[in-house]
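Student: When the letters of the sequence shown are read in order and numbered with the numbering used here, they come out as residues 10 to 441. No residue lacks a Cβ here, since even glycine has one placed at the ideal position from N, Cα and C.
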Amino acid sequence: MEKLIRVPFGDGWAEALPPAGATVRVLEPAVLPSLPEDAVMTRALRTAGLGNSWPLRSPTQSRPLTIVLNDATRPTPSGRILAHLVMMGLLPERPALGAVRVLIATGSHRPGGAEDVRHILHGLPDSRWPHLVEWHDAQLNSAHVEVGTTSRGTPVHIDRRVLDSGSLLLVNSVEPHYFAGYTGGRKSLMPGLAGFDTIEANHCLALQPAADVLCLTGNPMHEDAEEAISLLPLPDLLSLQVVLDQHQHIAFLAAGPLHATFEAAVAEADRRYVASLPEAADIVVSAAAPPMDYDLYQSQKAVDNAARAIRDGGTLILVSSCRHGIGDPRYFDLLASSATPAEAQRRIADHYLLGYHKANRLAAAAARINIFSVTHLPDETARAAFFTPFADLQTALQEAVARSGSASGLRIAVLPDGCVTVPRVEQTGRDL
């Protein structure tokens, strides 16, 4: 019997049996030796000199410690990290209200609710922590302070709570990102705590070819974000950057200054998330594994990564529950009102709005390959975004095989965690 294709889908799995004669390759983050995550964190914190002392100033009501965390669309295990800091005595078990606050770096995403807070702080036992949570809102102009303009013309508006803090603790995870190069690091501040116009100007740079996955040097988005941060009069700052393994456990942690910890985590992410493929595939099944199945906007990362592994005219099958629908409507509305992918790309080039970088990537992929989807979105919604919807993975795979003409010699690649796995096609000697 042929190997069963099995990828995450919502709270369960999507499965399909490939045809006889096809070659199936599963591309996953590398399985590397690792200590239990508590040991990883303890060792890293002690190596950084944090075994029993805290490098940041003591918080007060007027100059609080601000702990900056990702929102629920990111896989960062923030609650487990904070719980470990509490266990080591580096954070108080019952922090004083007003002296410590937890600021969720949403970027342009909407502020969340109680369910999101529970997800973000999962692992912290004390009931006081949720009461410390505050949400960034990029749309609230009065909540931001203008500090300057980058050389690329990006106006830098930052959440004023960054500047009135006595100290900052940035907690983030680093994974490949389809246009920022990598997530994590500077993203806690930019775009995480930036104003909407700042984010929009920075993300417009994603339309440039050098804004690509695994690329930092010469990446205009990354360099613009770094420059924006250099303009901020930041208080004392400690950065914790983690890299997760294939089971979403912490396999690496760097503690210290922002840039140094980000660089160390990027090197580790490269080792774990780049997967080799001998030659381009005819069909790629790519899953947006939780929590990246939050909505179509987030799931698009699984499309962009997978598209790198497909020959021209091949078929990509996105598997994602899209639990919260399409996400930001701007990119979707542009796609839905365009008759063809080429028309969408022309309109984006004429007038950029935040979210259009997503539309541009989807349109570019749809112009080159077939894109199928297995989601909980209505069929008409999927079609409006240039997806061909299917009720289940088996049916989608059968149609993809039929379009390929023959199952004999068919090359199928499977990305169970498509949002963070970056295929490298060896036949070309480069990342497609």
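1) By the 10 Å Cβ neighbour count, where 16 or more other Cβ atoms means buried, how is THR437 classified, buried or exposed?
2) What's the gap between the Cα of VAL275 and the Cα of TYR187?
3) Going by the CB atoms, is the gap between ALA296 and VAL328 shorter than 8 Å?
4) Assuming VAL109 and LEU74 form a contact by the criterion Cβ under 8 Å, report the distance between their Cβ atoms to the nearest whole angstrom.
5) Express the C-alpha separation of PHE399 and GLY162 in angstroms, rounding to a whole number.
6) In or out: ALA25 buried (at least 16 other Cβ within 10 Å) or exposed?
7) Once you ignore the five residues that flank ALA358 on each side, which residues in its own chain have a CB closer than 8 Å to its CB?
8) Quick one: complete alpha helix (DSSP H) runs, 4+ long, within the stretch 182-244?
9) May I have the straight-line CA-CA distance separating PRO164 from PHE205, to the nearest angstrom?
10) Provide the residue(s) that pair with GLU143 in DSSP beta bridges, ordered along the chain.
11) Using the three-state DSSP reduction, which class does PRO73 fall into: helix, strand or coil?
12) Which residues in the same chain have their Cβ closer than 6 Å to the Cβ of SER176, if we skip the five residues on either side of it in sequence?
13) Please go through the stretch 263-335 and give each complete beta strand (DSSP E) segment of 3 or more residues, from N-terminal end onward.
14) Please go through the same chain and pick out, in chain order, the residues whose beta-carbon is closer than 7 Å to the beta-carbon of ALA53, but skip the five residues on each side of it.
15) If you draw a straight line from the C-alpha of GLU102 to the C-alpha of TRP138, how long is it?
16) Under a CB-based cut-off of 8 Å, is LEU343 close to chain D?
17) Helix or strand or just coil, what does DSSP make of ASP168?
18) Can you find the residues in the same chain that come closer than 6 Å, C-beta to C-beta, to LEU225, ignoring five residues on each side of it along the sequence?
19) Ignore the nearest five residues each way along the sequence and tell me which others in ALA32's own chain have a CB closer than 6 Å to its CB.
20) Report all residues from its chain with a CB closer than 8 Å to the CB of CYS428; omit the five preceding and five following residues, and keep chain order.
21) Please state the DSSP three-state secondary structure of THR384.
22) Express the C-alpha separation of SER415 and ALA29 in angstroms, rounding to a whole number.
23) Just grab the DSSP bridge partners of GLY162 for me.
24) Thinking LEU241 and VAL171 are a contact (beta carbons under 8 Å), I'd like their distance in whole angstroms, please.
25) In whole angstroms, give me the CA-to-CA distance for ASP20 and GLU37.
26) State the Cα-Cα distance for the pair ARG439 and ALA39, rounded to the nearest angstrom.
27) From TRP22 to ASN150, what distance separates their C-alpha atoms?
28) Pick from VAL283, ASP233, PRO350 and PRO338: whose alpha carbon is nearest that of ALA219?
29) From the DSSP output, which residues share a beta bridge with VAL429?
Tutor: Reading from the atomic positions:
1) Bear in mind that the predicted position of THR437 carries a pLDDT of just 49, short of 50, making it unreliable; the figure below should be weighed with that in mind. Answer is exposed; the Cβ neighbour count stays below 16.
2) Approximately 14 Å between the Cα atoms of the pair.
3) It is a contact, given that the beta carbons lie within the stated cut-off.
4) Confirmed, about 5 Å.
5) Computed Cα separation, rounded: 44 Å.
6) Burial call: buried.
7) For ALA358, where only same-chain residues beyond five positions count, the Cβ hits under 8 Å are LEU216.
8) The qualifying runs are 205-213 and 229-239.
9) Straight-line Cα distance between these residues: approximately 10 Å.
10) DSSP output for GLU143 lists LEU112 as bridge partner(s).
11) Note: PRO73 maps to coil in three-state DSSP.
12) So the qualifying residues of the chain are LEU65, ARG66, LEU74, PRO244 and ASP245.
13) Whole beta strand (DSSP E) segments, 3+ residues: 283-286, 290-296 and 319-328.
14) So the qualifying residues of the chain are LEU262, ALA263 and ALA264.
15) If I take the Cα positions, the gap works out to 9 Å.
16) This model lacks chain D altogether, as it is built from one protein chain only.
17) The answer is strand: DSSP assigns ASP168 an E or B state.
18) Same-chain partners within the cutoff: GLY190 and HIS231.
19) Contrary to the premise, residue 32 reads as Thr rather than Ala in this sequence. If you ignore the 5 residues before and after THR32, its C-beta comes within less than 6 Å of the C-beta of ARG420, all in its own chain and listed in chain order.
20) Within the same chain, and ignoring the five residues on either side of CYS428 in sequence, the residues whose Cβ sits closer than 8 Å to its Cβ are GLU184, ALA297, ALA298, MET301, GLN307, SER308, LYS310, ALA311 and ASN314.
21) Coil at THR384, not helix or strand.
22) For ALA29 and SER415, the distance between alpha carbons rounds to 10 Å.
23) Paired residue(s): none; GLY162 is not in a bridge.
24) Confirmed, about 7 Å.
25) The C-alpha of GLU37 is placed about 19 Å away from the C-alpha of ASP20.
26) Model confidence at ARG439 stands at a pLDDT of 35, short of 50, so the residue's coordinates are unreliable; what they give is reported in the following sentence. Cα to Cα, the separation comes out at about 19 Å.
27) Across the structure, TRP22 and ASN150 are spaced so that their CA atoms are roughly 42 Å apart.
28) Its Cα nearest to that of ALA219, the residue ASP233 stands out among VAL283, ASP233, PRO350 and PRO338.
29) Answer is none; VAL429 lacks a bridge partner.
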